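Report on the structure given below.
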Amino acid sequence: MAKRGGFPGGGMPGNMANLMKQAQKMQRQMEEQAKEMETKEFTATAGGGAVEVTVSGTKKVLKVKLDEEAVDPDDVEMLEDLIVAAVNEAMDKVDEVSASAMSKFTGGMGGQMPGLF
């Protein structure tokens, strides 16, 4: 009976098994990080605090707080611009924290697995 191709001994070589364990551990850690991000809140302001926006770690706007002085019926465009600026800054904060957390997991991968991340 001819032997089938593959690795001697029929199992994965030690390095491949170890790599699979590391990948599974990384996946669990990434899932934990994603759950943690769901509970975080990020707040940003614009116009010297005239507009304050709070977003979740999943990029959902949770709260918009407006200073009474920011609400000028004759200059609605300024208020709109301040809201957009505060929302964008809060979203950038989410991205920064998320990217920082992800680099913990992918930073050590270097050139070992090109194209994986």
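Residue numbers (UniProt numbering): 1 to 117. Heads up, the beta-carbon is just placed ideally off N, CA and C, and yes, glycines get one too. Quantities reported herein were computed from a predicted structural model and do not represent experimental measurements.
Just verifying my parser: in three-state terms, what is the DSSP assignment at residue i?
i, result
"alanine 46", "strand"
"glycine 111", "Unreliable placement is indicated for glycine 111, whose pLDDT of 44 sits below 50; no coordinate value is reported for it."
"lysine 104", "helix"
"aspartate 81", "helix"
"valine 71", "coil"
Is it true that the CB of residue j sits closer than 8 Å to the CB of residue i?
i, j, result
"lysine 63", "threonine 54", "yes"
"residue 118", "leucine 79", "Coverage of the chain is limited to positions 1 through 117, which leaves residue 118 absent and any answer about it impossible."
"glutamine 22", "alanine 101", "no"
What's the C-alpha gap between residue i and residue j?
i, j, result
"lysine 93", "valine 76", "26 Å"
"glutamine 27", "alanine 86", "33 Å"
"glutamine 24", "lysine 65", "42 Å"
"threonine 58", "methionine 16", "34 Å"
Tell me residue i's beta-bridge partners as DSSP assigns them.
i, result
"threonine 54", "Thr43, Lys63"
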